[in-house]
Amino acid sequence: MSDLDEFRATYFDECAELLLELEEQFAEIEDGDRSADRLNAVFRAIHSIKGGAGAFNFTRLVEFAHNFETLLDHVRDGRVEMTEDVASLCLRSNDIVADFVAAAREERELDADYGAEELARFKSICEDEDDEPMEEFDIDFTPVMVDLDGDKAETDDAAEPIALDPDELPDSFDVPPMGGEGEWRLKFTPYSQLYERANDPLLLFRELTTIGEVNIEARLTELPELTAFEAFGVYCSWDISISGKDVTEARIREVFEFVEGDCEIILTGPGEVPAFDIPDPSLSAMADAPPLVVEDDEPTPEASAPADVPAAEEEALDAGLSFADLAAELAPAKPEKPAKPEPEREPASAQAQDSSASASAKTATVQSIRVDLDKVDRVVNMVGELVITQSMLTQQMDDNLKSRYQELVRGVEVLAQTTRGLQDAVMAIRAQPVKSVFSRMPRLVRELSTKTGKSIRLEMVGEHTEIDKTIIEQLSDPLTHMIRNSADHGIEKPEKRLAAGKPEQGIIRLSAEQAGGSILITVQDDGAGINRERVLQLARDRGVVGPDQQLTDEQIDELIFAPGFSTAEALSDISGRGVGMDVVISNIKKIGGSVHVRSWPGNGTRMQLRLPLTLAVLDVMLVQVSDSPYVIPLSSIVETLQSRRADFGVTPSGRRVLQVRGEYVQVVDLATRFELPTSADEEERFVVLCEADGDSKVAVVVDDIIGQQQVVIKSLEENFERIEGIAGGTILGDGSVALIVDVQGVRHTTEQKSAA
Amino acid sequence: MRVLTVDDSRTILAMLQHTLTGAGFEVLQAADGQQGLDVLNYEDVDLVITDINMPVMDGIEFIKNVRATGRHQSLPILILTTETSQEKREQGKAAGGTGWIVKPFDPEKLISVIKRVVH
Numbered sequence: 003m004s005d006l007d008e009f010r011a012t013y014f015d016e017c018a019e020l021l022l023e024l025e026e027q028f029a030e031i032e033d034g035d036r037s038a039d040r041l042n043a044v045f046r047a048i049h050s051i052k053g054g055a056g057a058f059n060f061t062r063l064v065e066f067a068h069n070f071e072t073l074l075d076h077v078r079d080g081r082v083e084m085t086e087d088v089a090s091l092c093l094r095s096n097d098i099v100a101d102f103v104a105a106a107r108e109e110r111e112l113d114a115d116y117g118a119e120e121l122a123r124f125k126s127i128c129e130d131e132d133d134e135p136m137e138e139f140d141i142d143f144t145p146v147m148v149d150l151d152g153d154k155a156e157t158d159d160a161a162e163p164i165a166l167d168p169d170e171l172p173d174s175f176d177v178p179p180m181g182g183e184g185e186w187r188l189k190f191t192p193y194s195q196l197y198e199r200a201n202d203p204l205l206l207f208r209e210l211t212t213i214g215e216v217n218i219e220a221r222l223t224e225l226p227e228l229t230a231f232e233a234f235g236v237y238c239s240w241d242i243s244i245s246g247k248d249v250t251e252a253r254i255r256e257v258f259e260f261v262e263g264d265c266e267i268i269l270t271g272p273g274e275v276p277a278f279d280i281p282d283p284s285l286s287a288m289a290d291a292p293p294l295v296v297e298d299d300e301p302t303p304e305a306s307a308p309a310d311v312p313a314a315e316e317e318a319l320d321a322g323l324s325f326a327d328l329a330a331e332l333a334p335a336k337p338e339k340p341a342k343p344e345p346e347r348e349p350a351s352a353q354a355q356d357s358s359a360s361a362s363a364k365t366a367t368v369q370s371i372r373v374d375l376d377k378v379d380r381v382v383n384m385v386g387e388l389v390i391t392q393s394m395l396t397q398q399m400d401d402n403l404k405s406r407y408q409e410l411v412r413g414v415e416v417l418a419q420t421t422r423g424l425q426d427a428v429m430a431i432r433a434q435p436v437k438s439v440f441s442r443m444p445r446l447v448r449e450l451s452t453k454t455g456k457s458i459r460l461e462m463v464g465e466h467t468e469i470d471k472t473i474i475e476q477l478s479d480p481l482t483h484m485i486r487n488s489a490d491h492g493i494e495k496p497e498k499r500l501a502a503g504k505p506e507q508g509i510i511r512l513s514a515e516q517a518g519g520s521i522l523i524t525v526q527d528d529g530a531g532i533n534r535e536r537v538l539q540l541a542r543d544r545g546v547v548g549p550d551q552q553l554t555d556e557q558i559d560e561l562i563f564a565p566g567f568s569t570a571e572a573l574s575d576i577s578g579r580g581v582g583m584d585v586v587i588s589n590i591k592k593i594g595g596s597v598h599v600r601s602w603p604g605n606g607t608r609m610q611l612r613l614p615l616t617l618a619v620l621d622v623m624l625v626q627v628s629d630s631p632y633v634i635p636l637s638s639i640v641e642t643l644q645s646r647r648a649d650f651g652v653t654p655s656g657r658r659v660l661q662v663r664g665e666y667v668q669v670v671d672l673a674t675r676f677e678l679p680t681s682a683d684e685e686e687r688f689v690v691l692c693e694a695d696g697d698s699k700v701a702v703v704v705d706d707i708i709g710q711q712q713v714v715i716k717s718l719e720e721n722f723e724r725i726e727g728i729a730g731g732t733i734l735g736d737g738s739v740a741l742i743v744d745v746q747g748v749r750h751t752t753e754q755k756s757a758a
Numbered sequence: 006m007r008v009l010t011v012d013d014s015r016t017i018l019a020m021l022q023h024t025l026t027g028a029g030f031e032v033l034q035a036a037d038g039q040q041g042l043d044v045l046n047y048e049d050v051d052l053v054i055t056d057i058n059m060p061v062m063d064g065i066e067f068i069k070n071v072r073a074t075g076r077h078q079s080l081p082i083l084i085l086t087t088e089t090s091q092e093k094r095e096q097g098k099a100a101g102g103t104g105w106i107v108k109p110f111d112p113e114k115l116i117s118v119i120k121r122v123v124h
């Protein structure tokens, strides 16, 4: 990847973040918050997008962002009022900026008139306010990536002679070489603010030597007597002559660009009468001092400083001249070399004050660093291994050992505690607020609101809830689907709502909360609820539900997640995006999550995602099946019981069931399922009652229950291949491998087998 | 030579870093004025290049704060800004800025401007 590509990647990353922030900010602005902070944040984000775009020559993005920024600038300083109209223009424009960024990233062109209407609006709004013509933004600038690794790498070395041959100078200035051979004369008198802004005449002179032959003479006539001398006073001025074929006024002026206003410059072109005043003959000692000449072939900065010329030193017999040295030394305002020792104290105390001030400010800001996710994952993995080792150590501690080595036992206990803490801390690194996903939703609801002609308000709660980054990445699609569903099927048209005695505006409430070891994400609307009759009818039509199958209300509600139910016909163009709800839901299940839906006819629907806090570590129950260890995720276990094989009933369709508290539950015998040798039927067996889809349960039959523990998940797919009914593998404390049972999966395949 | 670059845009920071390290400078970074001050508090640098529009503490405030500390009175500060308007530059200069660089910057030009303000 070339450097430029890398910068582009950085830029688009950054844009994604900025656009996300803009979404959030605009959502608040739309809700009526027009505080200065918010407007500033919006302005800055657009400004940053524009800044980067300029570097990559995304001219249309630059143009649009620039004009948008101008409008925002007008809004934030009060020249333009943020009316509803302007706010909605901003919201639209924000989407357009996002589109331009996307187009730039994908290297495609948007329609020539895309955004033209908004662009015109910016201009008209801003021009109404002030009649100044819009300042032209320089978008023709093409940046050049030069290879600076070569010879130029030494440019930081001040002692290095600067290229003096005008022919060898980089032709980076746009001033056409004109003017010419004659001698330009310059009288340069710095004011104190020139030094206060850290400019240095010495550097200006050095710069001058790059455009022609330079002769510099210091004028020391202003130097006061010793008693009147001020350490930070400015007494020195210079007479300079520059000659060379490339010397032009513009090039000379450019050298002094930064100090304009901080000094007096009298420039006389070749042939013009010098405006310099004649040195006062009464100060003959100064006038007679040899001119401090800088020859072009030895333009070291030291040599160009008047103070360091030895000739001046020798003749400096009177106080006036030796002060010239001092003046030149002090002129650039270097506090470490003062004439008197006293000033030393002041900067030091100022510095101390500053450090305490910024130390207190520092505590208020959250400091962060950017770390490659791979690095974090490596730590997560190693902590995982540590957890395994630690639990292995604990297991090896038999009673004999415990009584003999109490110190060791205590050490292992502390190790266990620390490992837990370390694990939590590492998981916290991977955790991110769900806000990053939530903040995309207001825009979605806005779009849906416009498309459906329904008035919808989105309420968000708990967006600061933190959850593993990988899970967050998986959240966007399900949330989008759920919200589309609510907006499309849940919320009614305004007329209908009014007729039902509800407020015209529908509400979708998106919330996140932590509940034990999982995160609950809820999308709830106050719409009409699920039309169960229609859903059941559709399900029967599509063969999802058998014609005679009787379903409870809850089961009907859950049908909307059933595979094969949500087809294009069932969905309008808004909800349907090619991927059905079932696919989305199965993705959630893959990461250990579950989905539930509840509906109240006439009052709305609630869809709830339950997600694990982290993906890396799992609380499990360790069981044994035919001498092999298996683990079952604790989160899916409802209860455990003992039973005998003879207690299992068989349904007419050949399924085995177990009656638990009056409810028949499907039985999955892991030994049978995994084709392992089974023990005698009469023997007492253990049954782990697990929660499967929705409210349905599965009775998983195992030989023995060993205990509970935490395990680190190792992917089977990455290391071997996917196996139906197995969610992954893990290494136990004693080093043996146990497979993680995918309860949903074993149930599914068992159904298929018994049906076959 | 060490340069402190202060900008809230990672893109700009990365481009500055590339150009400056390529020219043999050592580069320190800060994402806003406050962070910039924190860095200056315990690091010695020879030059500061700062953006104007930044969260937490903007470039103007940052420059004022830098100049207010006795130790940094002769530290050259270049203002890096997309502002083509005179106004921002004047504000930056009034706060104590030494010079300015207009974004988007050309690497060669950047180095030549730096040469104008550092030894």
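If you read the protein sequences in the order shown, they are chains A and B. The first sequence begins at 3 in this note's numbering and counts up one residue at a time. The second sequence begins at 6 in this note's numbering and counts up one residue at a time. All C-beta atoms in this analysis are idealised placements derived from N, C-alpha and C, irrespective of residue type, glycine included.
In the three-state scheme derived from DSSP, where H, G and I count as helix and E and B as strand, Tyr237/A is classed as coil.
Straight-line spacing of the CA atoms in Asp63/B and Ala200/A works out to 20 Å.
Inter-residue distance for Gln507/A and Met59/B is about 38 Å (C-alpha atoms, whole angstroms). By the neighbour-count criterion, in which 16 or more other beta carbons inside 10 Å mark a residue as buried, Pro480/A falls on the buried side.
According to DSSP, residue pairing for Glu111/A in a beta bridge does not occur. Below the 8 Å Cβ cutoff, chain A contributes Arg46 and Ser50 as neighbours of Asp13/B, in chain order.
In summary, Arg253/A is buried, with 16 or more beta-carbon neighbours lying within 10 Å of its beta-carbon over all protein chains present. Contact between the segment 263-270 of chain A and the segment 208-216 of chain A is absent: fewer than three C-beta pairs spanning the two stretches fall below 8 Å.
Glu677/A carries a coil assignment under DSSP once its states are collapsed to helix, strand and coil.
As a beta-bridge residue in DSSP terms, Gly606/A pairs with Trp602/A. If you draw a 10 Å sphere on the C-beta of Ala564/A, you find 16 or more other C-beta atoms in it, and that means buried.
When Cβ-Cβ separations below 8 Å define contact, Thr12/A makes contact with chain B. Taking a contact as a CB-CB distance under 8 Å, the pair Leu388/A and Thr421/A counts as one, their CB atoms being some 6 Å apart. When Leu643/A, Ala530/A, Asp528/A and Ile390/A are compared, the shortest CA-CA separation from Gln661/A is found for Leu643/A.
The segment 483-500 of chain A and the segment 525-539 of chain A touch, with no fewer than 3 CB-CB distances between them shorter than 8 Å.
In terms of CA proximity to Val44/A, Gln27/A leads the group Val597/A, Asn402/A, Gln27/A and Asp35/A. Burial is judged here by how many other beta carbons sit within 10 angstroms of a residue's own beta carbon; Asp35/A has fewer than 16 and is exposed. The C-beta of His466/A has fewer than 16 other C-beta atoms within 10 Å across all chains shown, which makes the residue exposed. Counting only runs of 4+ residues, the alpha helix (DSSP H) found wholly inside the segment 374-447 of chain A occupies 375-398, 401-406, 408-432 and 437-440, in chain order. The continuous stretches of alpha helix (DSSP H) do not include Asp528/A, and DSSP gives it neither H nor E. Within the model, the alpha-carbon separation for Val77/A versus Glu83/A is close to 6 Å. Cβ proximity to chain B below 7 Å picks out Glu198, Arg199, Ala200, Asn201, Leu205 and Glu209 from the segment 191-223 of chain A. DSSP places Thr26/B in no beta strand (DSSP E) but in the uninterrupted alpha helix (DSSP H) bounded by Arg15 to Gly27. Scanning chain B for C-beta atoms nearer than 7 Å to the C-beta of Ala67/A yields nothing, as the closest lies near 10 Å away. In the three-state reduction of the DSSP assignment, Ser245/A falls in the strand class, which pools E and B. At a cut-off of 8 Å between C-beta atoms, Gly104/B counts as an interface residue with respect to chain A. Listed along chain A are Ala200, each with a C-beta nearer than 7 Å to that of Leu80/B. Shortest Cα-Cα distance from Lys437/A to any of Ala11/A, Asp5/A and Leu22/A involves Leu22/A. Classified as exposed, Ile371/A has fewer than 16 neighbouring CB atoms from the shown chains inside 10 Å of its CB.
Contact annotation: Phe14/A and Arg62/A have beta-carbon atoms that are not nearer than 8 Å.
In this structure, the beta-carbon distance from Met429/A to Val414/A does not fall below 8 Å. Against chain A, a Cβ distance below 8 Å from Ile65/B picks out nothing, because the smallest value is about 13 Å.
Straight-line spacing of the CA atoms in Asp401/A and Val411/A works out to 10 Å. Per DSSP, Gly102/B lies in no alpha helix (DSSP H) segment and is marked neither H nor E. Residue contact check for Thr87/B against chain A: a CB pair falls below 8 Å.
Separation of Gly455/A and Gln476/A (C-alpha to C-alpha, rounded to the nearest whole angstrom) is 30 Å.
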